[in-house]
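Asker: The letter at position 85 of the sequence shown is residue 85 when you use the UniProt record's numbering, and the numbering goes up by one with no holes.
For each residue, glycine too, the CB sits at the ideal point set by N, CA and C.
This structure is a prediction, so every number in the text was calculated from the model and none was measured.
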Amino acid sequence: MMIVALYLTIAMVTLAALLNVYRLIKGPNATDRVLALDTLYINAIALIILLSVTLGTRMYLEAALLIAVMGFVGTVAMAKYLKRGSVIE
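1. My output table needs one value for R58: the three-state DSSP class, helix, strand or coil.
2. Please report the distance separating the alpha-carbon of G56 from that of K80.
3. On the CB-based measure, 16 or more other CB atoms within 10 Å of its CB, does Y41 come out buried or exposed?
4. Count the other CB atoms within 10 Å of the CB of I45; is the residue buried (16 or more) or exposed (fewer)?
5. For E5, does the count of other Cβ atoms within 10 angstroms reach 16, so buried, or fall short, so exposed?
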């Protein structure tokens, strides 16, 4: 039962990631694209953690943490760029 739930969850998160890619490409403005990219980072973290649970290993959890940190930094940098026009002051 747990395996079926894991595979179903992986399929749903993959579908969410594909919809985020669509929003990233077709977003009407830059703010929508930044939010789609941020949500895509979250979906990638979820897929890596689900893969780790499915395989029964802890090896992929560090990669999920790295993607979380890089996603946060990237989102903050893009928001700062959209607000002020420059990232570094």
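Answerer: Once the coordinates are examined:
1. coil
2. 39 Å
3. buried
4. buried
5. Per the sequence shown, the amino acid found at residue 5 is Ala instead of Glu. By the neighbour-count rule (16 or more Cβ atoms within 10 Å), A5 is not buried but exposed.
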